[in-house]
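First up is the structure itself, then whatever we jot down about it.
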Ligand code: GLA
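Residue numbers (the working numbering): 48 to 448.
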């Protein structure tokens with residue numbers, strides 16, 4: 048059986064913590080009697096630019112070493128037979144009679160991708176699939192994008208060479224929007240496809256133009272999992288989107304060139320402090336300032352100005368807590384616990400919120416001690432034992448064998 052979702056630490060070169068594709072292939076052969084091809088897609092951590100992607104804004108995520116693996120081999124009929132290393136049972140679906148809405152099963156993300164590919168005219172063939180996920184579920188590290196992207200690559204097989212990876216990212220997001228019903232933006236799928244080792248990716252979510260931003264030498268990404276699952280987040284997420292849309296309707300009446308909150312300047316926002324319902328104003332204010340913070344962080348990282356990065360990450364967290372209202376007590380405590388630890392260069396909640404993880408930039412020589420100390424402090428304050436992951440930025444999705 049494969050490693051579950053509870054590995055306490057992910058060290059960059061700790062072989063025991065990573066999936067061995069040959070073990071996955073063996074498991075597949077035992078189940079299906081065939082040799083599979085294996086595809087991998089990573090989860091992500093977002094350094095800054097939160098809840099900006101669906102507002103046509105800027106984000107700066109990095110792919111991390113937790114991945115989802117999909118092993119696949121063809122069948123002679125037109126069925127998909129799907130199994131998992133973590134969840135019991137096998138699920139079979141006919142490609143000719145496919146569900147077009149979520150089923151409530153764990154394999155919905157794969158079904159969603161298959162359904163979108165089908166609808167877009169990609170010729171899918173019957174196949175056996177075995178999934179192994181190592182991205183912690185409900186931790187805000189994009190286990191859903193990882194399974195979507197790995198499944199898309201597996202289902203498309205060699206024909207995927209014709210399709211650019213950003214297009215795959217869009218198809219996967221469509222699956223999550225239309226089939227699963229979560230109105231997510233493009234960030235997670237994009238970085239899962241396009242991530243690059245040692246780099247974060249500064250993405251313009253309107254044009255999908257991007258630049259790689261090197262993680263400064265000597266800096267380690269430390270991800271701290273509050274262990275609070277963000278299970279109830281999806282309704283709140285969709286509500287935030289509606290509030291942003293209300294903001295766009297307001298501003299575009301004043302200037303028809305405005306298509307998204309991305310187009311609203313800080314000056315224009317400030318002219319209307321009293322004209323919008325308080326919550327809607329606050330949501331808009333977060334998004335508009337967060338876009339600016341993201342661009343500023345990219346610049347500060349490039350200049351090696353870590354004091355500025357720290358200030359911007361702190362402001363981002365406070366804005367998510369007070370204006371966008373997607374933090375929670377445990378995330379706030381985790382952020383607080385980091386502040387005066389040696390080597391700390393900036394931290395904030397990461398991902399959609401309501402639980403999940405914080406992301407921290409820490410000097411390499413202090414990273415181990417940082418992880419141990421923050422865990423101790425957090426446990427003392429909450430009674431919860433957190434997981435900490437020492438991560439590096441990794442490459443995006445690929446075929447592994
Ligand atoms: C989730 C979504 C992303 C993004 C973040 C918040 O991770 O999948 O598209 O909106 O929340 O930044």
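Note that CB positions come from ideal geometry on N, CA and C, so glycine has one too.
Between the alpha carbons of residue 363 and residue 95 lies a distance of about 7 Å.
As computed with DSSP, residue 116 is found in a beta bridge with 87, 179. Take the alpha-carbon of residue 370 and the one of residue 240: they are about 31 Å apart.
Shortest gap from the CB of residue 281 to any heavy atom of the ligand GLA: 7 Å or more. In terms of side-chain proximity, the C-beta atom of residue 234 is found nearer than 7 Å to a non-hydrogen atom of the ligand GLA. For the ligand GLA, no non-hydrogen atom lies closer than 7 Å to the CB of residue 270.
In this structure residue 134 is exposed. Its beta-carbon is surrounded by fewer than 16 other beta-carbon atoms within 10 angstroms. The Cβ atoms of residue 394 and residue 187 lie no closer than 8 Å to each other. Between residue 398 and residue 93, the C-beta gap is smaller than 8 Å, which places the two residues in contact.
A straight-line Cα-Cα distance of about 29 Å links residue 327 and residue 219. Residue 70 carries a helical assignment under DSSP once its states are collapsed to helix, strand and coil. Relative to the Cα of residue 128, the nearest Cα in the group 149, 176, 167 belongs to 176. Contact between the region 179–186 and the region 113–122 is present: 3 or more CB-CB pairs across the two stretches fall below 8 Å. The C-beta of residue 141 has fewer than 16 other C-beta atoms within 10 Å across all chains shown, which makes the residue exposed. Beta bridge pairing from DSSP links residue 247 with 260. With respect to the C-alpha of residue 387, the residue from 103, 158, 374, 420 having the closest C-alpha is 420.
The ligand GLA has a heavy atom closer than 7 Å to the beta-carbon of residue 231.
In the DSSP assignment, the residues bridged to residue 436 are 270. Residue pairing from DSSP places residue 139 in a beta bridge opposite 128. Look at residue 421 here: in three-state DSSP terms it is helix. With a 10 Å radius around the Cβ and a threshold of 16 neighbouring Cβ atoms, residue 260 comes out buried.
With a cut-off of 7 Å, the C-beta of residue 225 is classified as distant from the ligand GLA, since no heavy atom of the ligand falls inside that distance. Less than 8 Å separates the beta-carbon of residue 390 from that of residue 412.
Burial check for residue 131: the Cβ neighbour count within 10 Å reaches 16 or more, so the residue is buried. If you look at residue 392, you'll find it in the beta strand (DSSP E) that goes 391–396. Looking only at 383, 355, 350, the smallest Cα-Cα distance to residue 365 is reached by 383.
In the same chain as residue 232, and ignoring 5 residues on each side of it, the C-beta atoms closer than 7 Å to its own belong to 100, 101, 252, in chain order. The C-alpha of residue 163 is placed about 24 Å away from the C-alpha of residue 447. Residue 194 counts as buried, since at least 16 other C-beta atoms from the protein chains shown sit within 10 angstroms of its C-beta. Rounded to whole angstroms, the separation of the alpha carbons of residue 210 and residue 380 is 44 Å. If the five residues before and after residue 172 are omitted, its C-beta is found closer than 7 Å to the C-beta atoms of 121, all from its own chain and listed in chain order.
With 16 or more neighbouring CB atoms inside 10 Å of its own CB, residue 155 falls in the buried class. Not one heavy atom of the ligand GLA lies closer than 7 Å to the C-beta of residue 371. Put simply, the region 259–274 does not touch the region 284–291. Fewer than three CB pairs are less than 8 Å apart.
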